[in-house]
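In the working numbering, the protein residues as written are 2 to 293.
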């Protein structure tokens, strides 16, 4: 069932499919930080849920502490990702996609393939790129590491046995698997309708354009219905294609809806949504994109 949290000007909803794997490894967390910045994070774990659970709990705490130091937001996010990585024990790992929103200023940091998409002028725009070996900047980085180290790391679509080129945790793997995030800064405006954050269980069977068209075709105004519909659609795609289903998690951030504030928290599935803040706007434009 989808859940919604309404905030004075925007609202957020989440839908999470029943645990389709033996152990559900997707985690979420959202929070209003001390300085009024809204935080949302989605984490898709592998080799166990420990890393994803730790990030969902620690990431907002670390970001809060980093903001007190008056550092630039980009540096705050870099430090938070790396600190989470150092605190993971064992060999579990996780993707991490984090959104920070303050009025019309949006910052997105990520490692892995839990994608973040914004609907701009009715079209899907990928804010993040999946950290797979197919992405040219990552492939070039890994190949350079192979040359410098004199070892072979790439085998098909895997790097040192992992489908991802960046993640938090995975300490049993090579140091070329980075926890250092790619960071984007955006200004959003009235042309920006909503943000979709989802784990790869959703994106493996539904593109950003398809998701946007589904939302527009159904003409749904309630983000609870939107999130629920998208997860239902993805679940059906797995069945229709006859392929093994992954955990499916989808978060919808409505950038326009004006509602009263409601508090909601759900602990049983490892995530909580608390509230969100105003999002006014001016034109979407990418200011900064850092790739190590």
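Yeah, the Cβ is synthetic: ideal placement off N, Cα and C, and Gly gets one too. All values reported here derive from a predicted model rather than from experimental measurement.
| Check | Outcome |
| --- | --- |
| Near residue 47, what residues of its chain come up, given a Cβ to Cβ distance below 6 Å and the 5 sequence neighbours on each side ignored? | 94 |
| Roughly how many angstroms lie between the CA atoms of residue 245 and residue 70, to the nearest whole one? | 46 Å |
| Indicate whether at least one CB of chain B lies closer than 8 Å to the CB of residue 254. | Included in the structure is just one protein chain, with no chain B present. |
| What separation, rounded to the nearest whole angstrom, lies between the Cα atoms of residue 127 and residue 78? | 20 Å |
| Nearest to residue 170 by alpha carbon, out of 33, 193 and 86? | 86 |
| For residue 186, which option in 44, 74, 34 and 82 has the closest C-alpha, if you only look at C-alpha atoms? | 74 |
| If we ignore side chains and look at the alpha-carbon of each, how far apart do residue 296 and residue 254 end up? | In the structure displayed, the chain extends from 2 to 293; residue 296 sits before or after that span and is not available. |
| Report the partner residues of residue 133 according to the DSSP bridge assignment. | In the DSSP output, where bridge partners are listed per residue, residue 133 has none listed. |
| Is it right to say residue 61 is buried, meaning 16 or more other beta carbons lie within 10 angstroms of its own, or is it exposed? | buried |
| If I measure Cβ to Cβ from residue 163 and keep anything under 7 Å in the same chain, skipping five residues before and after, which residues do I get? | 171, 174 and 178 |
| Answer with buried or exposed for residue 218, where buried requires no fewer than 16 other C-beta atoms within 10 angstroms of its C-beta. | exposed |
| So what does DSSP say about residue 110, is it helix, strand or coil? | strand |
| Between the alpha carbons of residue 315 and residue 224, how many angstroms are there, rounded? | An answer regarding residue 315 cannot be provided, because it is not within the stretch 2 to 293 covered by the chain. |
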